[in-house]
Amino acid sequence: SSVFAIQIDDQFYADSYGSGLLLRGVLLHFLHRYDEAHENFDEIINMSKQFDEKSLLAPNAVFEKAIIYIDLKQKQKANEYLQKSINDYKEYQLESRLHFRINAAMQKVKQMDNDFNKYVLINK
1388 SSVFAIQIDD QFYADSYGSG LLLRGVLLHF LHRYDEAHEN FDEIINMSKQ
1438 FDEKSLLAPN AVFEKAIIYI DLKQKQKANE YLQKSINDYK EYQLESRLHF
1488 RINAAMQKVK QMDNDFNKYV LINK
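Using the numbering used here, you'd call the opening residue of the sequence shown number 1388 and step up by one each time.
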């Protein structure tokens, strides 16, 4: 057995693995590899029952999916995931920090509407 072998029975394994997935997903998003980023975030969401109940991983994964949809100009999907990140998770670590980011993202989605309306008015 290698020194680097992962201990599956380690009580922190799921949280450590989930943290790695979250980081990898954010990096893949940054590299515009959106499908791969979504896969990482989806895996975190699917694992959420394995994390500590106050874990920030699942709500942050849902939020990061919303951010990808904002970048792709998919406003409806972005709103759906922003609402999920607010409504589906409560009392987790750093909740107020994520709520701040969610509110900023919601403002960005609203700005997308304003920008679109300006474009329509200008190009009539």
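Just so it is clear, CB atoms sit at the ideal spot from N, CA and C, and this is done for glycine as well. As the structure is a computational prediction, the values presented were derived from the model and not from experiment.
Positions of the beta strand (DSSP E) runs, each at least 3 residues long and wholly inside the segment 1417-1493, cannot be given because no such run exists.
Here the alpha carbon of residue 1464 sits roughly 26 Å from the alpha carbon of residue 1440.
Closest option to residue 1414, judged by alpha-carbon separation, among 1424, 1483 and 1405: 1424.
Beyond the five residues adjoining it in sequence on each side, residue 1411 comes within less than 6 Å, by CB distance, of 1427 in the same chain, given in chain order.
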